[in-house]
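S.K.: To convert, count from 1 in the sequence shown and add 8; that's this note's numbering. Backbone N, C-alpha and C define an ideal beta-carbon position, used for all residues, glycine too. This structure is a prediction, so every number in the text was calculated from the model and none was measured.
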Amino acid sequence: MATILKKAAVPLCRQGRSFLRSVSRQRKLHQHPMPSMSNAPSITESADGGKAVDVFTRLLRDRIICLMGAVSDELASKVMAQLLCLHFEDPDKLIRVFINSPGGNVSAGLAIYDTMQYINNPIATLCIGQACSMGSLLLTAGTSGMRYASPNSTIMVHQPLTSGLQGYVTDLKIAAANMKRTKELIQDLYVKHTGLTPLIIEKALDRDNFMTPLEAKEFGLIDQIL
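#1: Comparing alpha-carbon positions, which option in N128, L147, V87, V165 lies nearest S141?
#2: In terms of DSSP beta bridges, what is R155 paired with?
#3: Short check: CB of L204 to CB of F227, under 9 Å?
#4: Using DSSP with H/G/I as helix, E/B as strand and the rest coil, what is K101?
#5: Classify R155: buried if its beta carbon has 16 or more other beta carbons within 10 angstroms, exposed otherwise.
#6: Taking the continuous alpha helix (DSSP H) assigned at A185, which residues delimit it?
#7: So what's P41 in DSSP terms, helix, strand or just coil?
#8: I need the straight-line Cα distance from T202 to H95, nearest angstrom please.
#9: Tell me the rounded alpha-carbon separation between I163 and V105.
#10: Please identify the residue among K211, A184, A185 whose C-alpha is closest to the C-alpha of Q195.
#11: Quick check on the burial criterion: 16 or more other C-beta atoms within 10 angstroms. Buried or exposed for C135?
#12: Given that a residue counts as buried once 16 or more other Cβ atoms are within 10 Å of its Cβ, and exposed if not, what is I182?
#13: Residues in the same chain with beta-carbon distance under 8 Å from I233, minus the five sequence neighbours each way, listed in chain order, please.
#14: Measure how close the beta-carbons of A240 and A149 come, nearest whole angstrom, since I'm counting them as under 8 Å.
#15: Distance check for S161 and Y137, CA to CA, integer angstroms please.
#16: What residues are listed by DSSP as bridge partners for V165?
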């Protein structure tokens with residue numbers, strides 16, 4: 009009987025060891041997670057001796073900047089640095105900015121906007137996917153005649169959004185005055201780049217205003233449809 013139990017225990021022990029090894033591998037995977045899909049894919053160039061570079065670095069060599077995702081302080085820092093780098097490399101050469109953004113932080117977006125206006129380079133802006141909220145302002149801030157949108161893209165304009173405010177009445181009044189100032193600033197920028205009257209812009213930005221590329225062209229946000 010003991011011999012039979014020993015023979016039966018052998019495969020069970022093997023299964024147990026196999027299970028423990030599997031658990032150990034899973035723990036290692038959790039300790040060292042696989043790279044996320046958000047990481048930039050890399051390509052290999054023979055000109056660099058087979059050196060792998062991420063695609064965004066490769067595109068930057070051709071003076072192409074990708075403004076992808078929500079407008080945040082981090083994204084603004086990257087885009088501003090790339091704009092300045094290309095400007096100081098050649099202050100007269102074209103820069104192309106591809107935009108696919110749902111919008112985001114107003115101050116971060118205005119930092120990108122001011123950088124675009126500061127440099128002398130002609131800037132072609134191209135919407136692929138969507139350019140909403142702050143994304144649409146950056147799209148229309150490109151050099152006149154060089155603002156594009158793909159046929160199936162979406163452009164949306166609206167007034168700046170605010171989250172719930174709390175605090176003393178005096179602080180709320182200050183915050184409300186600042187929100188009003190920001191709203192008027194955004195409206196003035198759309199007036200500047202579309203050529204429309206302040207009244208038309210104010211009405212257009214009153215609510216979420218989604219546009220097709222053709223509607224955006226008629227509105228003056230873009231110049232051409234790809």
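M.R.: On the basis of the supplied data:
#1: As a working mapping, residue 141 is identified with position 133 in the sequence shown. Scanning N128, L147, V87, V165 for the CA closest to the CA of S141 turns up V165.
#2: Along the sequence shown, read from residue 1 onward, the residue named residue 155 stands at position 147. R155 pairs with T133.
#3: Position 196 of the sequence shown, counting from 1, holds the residue named residue 204. Position 219 of the sequence shown, counting from 1, holds the residue named residue 227. Taking 9 Å as the Cβ cut-off, L204 and F227 qualify as a contacting pair.
#4: Locating residue 101 in the sequence shown gives position 93, counting from the first residue. In this structure, DSSP gives K101 a state outside helix and strand, which the three-state scheme calls coil.
#5: As a working mapping, residue 155 is identified with position 147 in the sequence shown. With 16 or more other Cβ atoms within 10 Å, it is buried.
#6: Counted from its first residue, the sequence shown places residue 185 at position 177. Looking at the DSSP string, the run of the alpha helix (DSSP H) that includes A185 is 177-202.
#7: The residue given as residue 41 occupies position 33 in the sequence shown. With a pLDDT of 38 at P41, under the threshold of 50, the modelled position of that residue is not reliable, and the figure given next carries that caveat. P41 carries a coil assignment under DSSP once its states are collapsed to helix, strand and coil.
#8: Residue numbering aside, residue 202 sits at position 194 when the sequence shown is read from its first letter. Residue numbering aside, residue 95 sits at position 87 when the sequence shown is read from its first letter. Here the alpha carbon of T202 sits roughly 25 Å from the alpha carbon of H95.
#9: Residue numbering aside, residue 163 sits at position 155 when the sequence shown is read from its first letter. Residue numbering aside, residue 105 sits at position 97 when the sequence shown is read from its first letter. Their Cα atoms are separated by approximately 16 Å.
#10: Taking the sequence shown and counting its residues from 1, the one referred to as residue 195 is at position 187. Measuring C-alpha to C-alpha distances from Q195 to each of K211, A184, A185 identifies K211 as the nearest.
#11: Walking along the sequence shown from the start, residue 135 turns up at place 127. Counting of Cβ neighbours within 10 angstroms places C135 among the buried residues, the total reaching 16 or more.
#12: As a first step, residue 182 must be located in the sequence shown, where it is residue number 174. Classification for I182: exposed.
#13: Translated into the one-based positions of the sequence shown, residue 233 becomes position 225. Excluding residues within five positions, the ones whose Cβ falls inside 8 Å are Y156, A157, S158, P159, P221, L222, K225.
#14: There is no way to answer for residue 240, as the model of the chain reaches only from 9 to 234.
#15: Here residue 137 corresponds to residue number 129 of the sequence shown, with the count starting at 1. Here residue 161 corresponds to residue number 153 of the sequence shown, with the count starting at 1. Strictly speaking, residue 137 in this sequence is Gly, with Tyr absent from that position. CA-CA distance, G137 to S161, rounds to 5 Å.
#16: Mapped onto the sequence shown, residue 165 falls at position 157. Listed as beta-bridge partners of V165 by DSSP are N217.
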